[in-house]
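Numbering (our numbering), first residue to last: 6 to 154.
Glycine residues also receive a C-beta, built at the ideal position from the N, C-alpha and C atoms.
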Amino acid sequence: MDTLINTLHIVAAVFIVGPMAILPMTAMRFIRAGQPGPVAVLGKSVSFFTLLSLLVVVFGFGALSMSEPERNYSFASTWIWLSLVFYAIALAINLFLVVPALQSAAEDLTAREGTGATTKVAAYSRIAMGSGISTLLLVAVVVLMVWRP
Numbered sequence: 006m007d008t009l010i011n012t013l014h015i016v017a018a019v020f021i022v023g024p025m026a027i028l029p030m031t032a033m034r035f036i037r038a039g040q041p042g043p044v045a046v047l048g049k050s051v052s053f054f055t056l057l058s059l060l061v062v063v064f065g066f067g068a069l070s071m072s073e074p075e076r077n078y079s080f081a082s083t084w085i086w087l088s089l090v091f092y093a094i095a096l097a098i099n100l101f102l103v104v105p106a107l108q109s110a111a112e113d114l115t116a117r118e119g120t121g122a123t124t125k126v127a128a129y130s131r132i133a134m135g136s137g138i139s140t141l142l143l144v145a146v147v148v149l150m151v152w153r154p
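In structure tokens:
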């Protein structure tokens, strides 16, 4: 059972957290192209994958509970609680900064459609900054999971 939970944790991390980190950067390309449709869809997708990433945490808790006693892993282990803090911050950034900024950008692009306006979308920098910080935090989580200091 330990192997199954660990496998689910890693597979979920790759296929759920990966899109959570990459999709906002894809949306930025559509913002530059002035296409509101894909930006709106990607905003919903980022929200979905961000919430779905909670499964990674659940599987991680399962893996932690099934770890071998001689390894002495617990919530008191620095790499575990620090990973949880970094993940929680990344989750909050995505849900409360990046997703609303993507929605705002889609609305802004929709309003400009057909007007020929080519000015920069105001939410672009919030998306770039938020998704960049979120991705760096998620990379730090991966480093902590592998390194286990």
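- Taking 8 Å as the cut-off, the Cβ atoms of Ile15 and Leu114 do not count as close.
- Less than 8 Å divides the Cβ of Asn99 from the Cβ of Met25.
- One alpha carbon belongs to Leu69, the other to Ala97, and they sit about 23 Å apart.
- A straight-line Cα-Cα distance of about 23 Å links Thr31 and Val61.
- By the criterion of at least three beta-carbon pairs nearer than 8 Å, the segment 102 to 116 is not in contact with the segment 147 to 154.
- Here DSSP, grouped into helix, strand and coil, assigns Gln108 to helix.
- For Pro154, no alpha helix (DSSP H) run applies, since DSSP gives it neither H nor E.
- Straight across, the Cα-Cα distance linking Gly23 with Phe91 is about 15 Å.
- In this structure, the CA atom of Trp84 is about 7 Å from the CA atom of Met150.
- The Cβ atoms of Leu107 and Pro29 sit closer than 8 Å to each other.
- A Cβ-Cβ distance of about 28 Å is found for the pair Ala111 and Ala18, leaving them out of contact under the 8 Å criterion.
- Tyr92: member of the alpha helix (DSSP H) spanning 83 to 98, first to last residue.
- Judged by their CB atoms, Leu57 and Ile21 are nearer to each other than the 8 Å cut-off.
- According to the DSSP assignment, Ser52 belongs to the alpha helix (DSSP H) that extends over 41 to 57.
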